[in-house]
Amino acid sequence: MAGIIQLGEKNPKAGVNRGVAVVDFFLRIVAIIATLASAISMGTTDESLPFFTQFIRFRAKYNDLPTFTFFVVANSIVSAYLVLSLALSISHIIRSGSRNSRVVLIIFDTAMLALLTSGASAAAAIVYLAHKGNTKTNWFAICQQYNSFCERTSGSLIGSFGAMVVFILLILMSAVSLSRRH
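At position 27 of the sequence shown (counting the first as 1) the number is 27 in UniProt numbering, and the numbers step up by one without a gap.
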């Protein structure tokens, strides 16, 4: 009878750890979708406007601005990392007692959060200038002319900032999971 009670006491803790691992797996999938969609959305942003005639056109492309290129690269790197981290996440579902791999995930998740934050923040500054401009420096708002370009760049930021929130949740969940195991 005592063996059954001990077994019953260990199962709820293992069940909670497994539940946290399953949530971790699904949050990683959500983050993959968000970062990949952001990279694709920004990377395919392109708009042309006629100037005087049909033959002379002004173009706005994401790679005209190095900040947007950095944003696409950062989101792509984070997406690739998230795909690779799914293997560790699956191993946490199978073996709920893996401590070292959880520490490795916290370290890399934090690094990817920093990369994602820097890319999204830099792109957000440029998107703000595109919408509002800065008359003191003669940077004019271009969103009145390039509506589609501005909508797509703004939309791609939403996915990236959403992925940042998911990363914060992943890091907190991993830290709580580690602190529960003494």
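Glycine included, C-beta positions come from ideal geometry on N, C-alpha and C.
Could you tell me the boundaries of the alpha helix (DSSP H) in which residue i lies?
| i | result |
| --- | --- |
| Ala-175 | 147–180 |
| residue 183 | With the chain running from 1 to 182 in the structure shown, residue 183 is simply not present. |
| Phe-68 | 66–94 |
Keeping to the same chain, check which residues put their C-beta closer than 8 Å to that of residue i; ignore five residues upstream and five downstream.
| i | result |
| --- | --- |
| Tyr-81 | Phe-108, Met-112 |
| Ile-90 | Phe-25 |
To which residues of the same chain is residue i closer than 6 Å at the C-beta, ignoring the five residues directly before and after it?
| i | result |
| --- | --- |
| Gly-159 | Ala-34, Ala-37, Ser-38 |
| Gly-8 | Because the pLDDT of Gly-8 is 43, which lies under 50, any placement of that residue in the model is unreliable, and the question is left without a value. |
By Cβ distance, which residues of its chain are closer than 7 Å to residue i, with the 5 residues on each side in sequence left out?
| i | result |
| --- | --- |
| Val-20 | Met-173, Ser-177 |
| Val-72 | Ala-39, Met-42, Gly-43, Tyr-62 |
| Gln-6 | Low confidence applies here, because Gln-6 scores a pLDDT of 44, under 50, leaving its location unreliable and the question unanswered by this model. |
| Met-1 | Residue placement at Met-1 is poorly supported in this model, since its pLDDT is 44, which falls under 50; the coordinates still yield a value, given next. Cβ within range, chain order: n/a, list empty. |
Please determine, among the options, the residue with the shortest C-alpha to C-alpha distance to residue i.
| i | options | result |
| --- | --- | --- |
| Ser-154 | Met-42, Phe-167, Leu-27 | Met-42 |
| Val-127 | Lys-136, Leu-115, Thr-110, Ser-148 | Ser-148 |
| Arg-102 | Ala-175, Val-22, Arg-28, Val-23 | Ala-175 |
| Phe-68 | Ser-121, Gly-162, His-131, Thr-137 | Ser-121 |
| Val-165 | Thr-110, Thr-137, Val-22, Asp-64 | Thr-110 |
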